[in-house]
Amino acid sequence: MAATGPCNAPDVDVVDVVALGESMVTFLPSRPGRLADVPSFDRAIGGAESNVACVLAAAGHSARWVSRVGADGFGDHLVETIGAYGVDVASVRRDPARPTGIYFRTAGDRATDAHEVAYYRAGSAASTMSADTVDLEAVRAGRVLHLSGITAALSDDCLALMWELTEPRPGRPLVSFDVNHRQGLWPDTDGPRVLLDLARRADIVFVGADEARAAWGLHGPGAIRAALPEPELVVVKAGRGGAVAFDKNTEGMEDADGTATLVRALRVDVVADVGAGDAFAAGFLSATLRGLSARDRLRHGHLMAAAALTVPGDLATPPSRDHADRLAALDDETWGTLRLGPGWTTQDVHQAPEEVRTP
5 MAATGPCNAP DVDVVDVVAL GESMVTFLPS RPGRLADVPS FDRAIGGAES
55 NVACVLAAAG HSARWVSRVG ADGFGDHLVE TIGAYGVDVA SVRRDPARPT
105 GIYFRTAGDR ATDAHEVAYY RAGSAASTMS ADTVDLEAVR AGRVLHLSGI
155 TAALSDDCLA LMWELTEPRP GRPLVSFDVN HRQGLWPDTD GPRVLLDLAR
205 RADIVFVGAD EARAAWGLHG PGAIRAALPE PELVVVKAGR GGAVAFDKNT
255 EGMEDADGTA TLVRALRVDV VADVGAGDAF AAGFLSATLR GLSARDRLRH
305 GHLMAAAALT VPGDLATPPS RDHADRLAAL DDETWGTLRL GPGWTTQDVH
355 QAPEEVRTP
């Protein structure tokens, strides 16, 4: 499925990808330990949608981030930092009455909750996003519109905006939706149902096997695809088990759910388990924009995820396009022998594949 785009926003530059959602300033501990014991923190940024935009811009695509931030120093930092990646931030609006969200976290694995996170985002500027407070022309002026379930949980206004943006209509961008189920963000039991309904309105859906099990009680990629029959493409991520893409638009191992393509994850010397899901989505969308095969889309997703896993924060320097293409084109046996560690994205792209491995 090649990405196509709208073009119903004549006064706004059309970009490859528009990402809408909250970004926050993140404070990372300067040393291991409980939040109660850590004496100082290093500042970074975090936000599922802006992470995707940053990775795509660093990979050579035109990307726009749309959101709201406070008229404060943290808002300045977010806009300047995300803009420095090459992301168009001209449509980010400032709110003089509400703050920019922040959070503190320790290192650890989000999937297993082996970490601490303290969010300070209630009443944030981003929680007031609505059809009246964001630039809808700028949001819709992309070949792909990337959204996540986090935005839907922030407020009633944000949820209404999500319904608006995922409404089927002529000229709608290709809608990419990362389920991103965060149980703590939903005050009641409606979250799983809302996320399922939003996912069914998207064109591309990213969902982890673990979150589909926790939110919807679904076990296995086939069951997940059966619950999401409408999207043209559903990508089910299983961590080290790899990822499966169900695509209605290609020929191959056809079943009732469409073509199923499995690509095993790479072996990675993990520094921190943060940002990998967003990087995977960015890699997959990059390959989608380029019209690559399902296998290569998944491989580019794994490569971008590997870049994020080998740095301490959410964002990493991605491999050059030539470097990523070269690795994605490896035969299955060589792909299965790769092991990537810190610094791999900046290695000489002319090295032999086996030299990319780390001890």
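Residue numbering for the sequence shown follows my numbering, beginning at 5 and increasing consecutively.
Heads up, the beta-carbon is just placed ideally off N, CA and C, and yes, glycines get one too.
Quick check on residue i: buried or exposed, where buried means 16 or more other Cβ atoms within 10 Å of its Cβ?
| i | result |
| --- | --- |
| Val-16 | buried |
| Pro-33 | buried |
| Asp-136 | exposed |
| Thr-116 | Low per-residue confidence applies at Thr-116: pLDDT is 44, beneath 50, and the placement is therefore not dependable, though the value from the model is reported in the following sentence. So Thr-116 counts as exposed. |
| Thr-170 | buried |
| His-223 | exposed |
| Pro-43 | exposed |
| Pro-191 | exposed |
| Asn-36 | Residue 36 is actually Pro in this sequence, not Asn. Exposed, by the Cβ-count rule. |
| Asp-282 | buried |
| Asp-20 | buried |
| Asp-326 | exposed |
| Arg-244 | exposed |
| Ala-291 | buried |
| Thr-341 | exposed |
| Asp-259 | In this predicted model, Asp-259 has a pLDDT of only 44, less than 50, meaning its place in the structure is not dependable; the value taken from the coordinates is given anyway. Exposed, by the Cβ-count rule. |
| Pro-363 | Residue placement at Pro-363 is poorly supported in this model, since its pLDDT is 37, which falls under 50; the coordinates are not used for a value here. |
Would residue i and residue j be called neighbours here (beta carbons separated by less than 9 angstroms)?
| i | j | result |
| --- | --- | --- |
| Arg-72 | Asp-99 | yes |
| Tyr-1 | Ala-57 | Lying before the first or after the last residue shown, residue 1 is absent from the chain, which here runs from 5 to 363. |
| Asp-251 | Glu-236 | yes |
| Met-166 | Leu-202 | yes |
| Arg-147 | Val-18 | yes |
| Glu-53 | Ser-27 | yes |
| Gly-64 | Pro-103 | no |
| Leu-232 | Arg-271 | no |
| His-81 | Val-138 | no |
| Ala-242 | Pro-225 | yes |
| Ser-159 | Thr-193 | no |
| Val-274 | Thr-338 | no |
| Ala-4 | Val-240 | Lying outside 5 to 363, the shown extent of the chain, residue 4 is not represented and no answer is given. |
| His-304 | Ala-276 | no |
| Ala-227 | Gly-195 | no |
Determine the closest residue to residue i out of the options, with distance taken between C-alpha atoms.
| i | options | result |
| --- | --- | --- |
| Leu-307 | Asp-318, Gly-317, Gly-287 | Gly-287 |
| Ile-49 | Gly-317, Asp-335, Asp-201, Trp-339 | Gly-317 |
| Ala-247 | Ala-219, Val-272, Val-211 | Val-211 |
| Asp-336 | Thr-350, Gly-295, Val-275, Ala-269 | Ala-269 |
| Ser-134 | Gly-226, Ala-206, Gly-25 | Gly-25 |
| Phe-45 | Thr-110, Ala-126, Ala-219 | Thr-110 |
| Ala-145 | Glu-168, Arg-176, Ala-157, Ser-324 | Arg-176 |
| Gly-51 | Ser-324, Ala-219, Ile-154, Arg-173 | Ile-154 |
| Ala-310 | Ala-218, Ala-129, Arg-325, Pro-346 | Pro-346 |
| Ala-219 | Leu-200, Thr-292, Leu-178, Val-143 | Leu-200 |
| Gly-279 | Ala-312, Ala-264, Ser-297 | Ala-312 |
| Ser-152 | Ala-298, Asp-182, Gly-221 | Asp-182 |
| Gly-127 | Gly-195, Cys-162, Val-267 | Cys-162 |
| Arg-38 | His-119, Leu-140, Ala-101, Leu-178 | His-119 |
| Gln-187 | Leu-178, Val-179, Arg-217 | Arg-217 |
| Ala-320 | Ala-40, Arg-229, Ile-86, Gly-79 | Ile-86 |
| Ser-297 | Pro-322, Ala-333, Ala-122, Ala-285 | Ala-333 |
In the DSSP assignment, find the unbroken alpha helix (DSSP H) run with residue i in it and report its ends.
| i | result |
| --- | --- |
| His-304 | 298-313 |
| Ala-218 | 213-220 |
| Val-143 | 140-144 |
| Leu-60 | 52-62 |
| Asp-335 | Run containing Asp-335: none; DSSP gives neither H nor E here. |
| Val-83 | 77-88 |
| Asp-20 | No alpha helix (DSSP H) contains Asp-20, which is instead part of the beta strand (DSSP E) from 19-24. |
| Ala-158 | In the sequence as presented, Ala is not what sits at residue 158; that position holds Leu. Here the alpha helix (DSSP H) through Leu-158 covers 153-158. |
| Ala-280 | 280-293 |
At what residues does the beta strand (DSSP E) containing residue i begin and finish?
| i | result |
| --- | --- |
| Thr-30 | 28-33 |
| Ala-129 | No beta strand (DSSP E) contains Ala-129, which DSSP labels as neither H nor E. |
| Leu-266 | 263-267 |
| Arg-97 | 97-99 |
| Gly-74 | 72-74 |
| Ala-247 | 247-251 |
| Arg-244 | Segment: none, Arg-244 is in no beta strand (DSSP E) and carries neither H nor E. |
| Val-122 | What sits at residue 122 in the sequence shown is Ala, not Val. Per DSSP, Ala-122 belongs to the beta strand (DSSP E) from 121-124. |
| Arg-102 | That residue, Arg-102, is in no beta strand (DSSP E); it is neither H nor E in DSSP. |
Would residue i count as contacting chain D if we go by Cβ distances under 9 angstroms?
| i | result |
| --- | --- |
| Asp-41 | Note that chain D does not occur in the displayed structure, where there is just one protein chain. |
Any heavy atom of the ligand ADP inside 8 angstroms of the beta-carbon of residue i?
| i | result |
| --- | --- |
| Asp-300 | In terms of ligand content, the structure shown is empty, and the ligand ADP therefore cannot be addressed. |
Report the start-end ranges of each beta strand (DSSP E) in the region 168-237 that is 3 residues or longer and not cut off at the edges. Runs of the beta strand (DSSP E) lying entirely within the region 168-237 and spanning at least 3 residues, in chain order: 178-182, 208-212.
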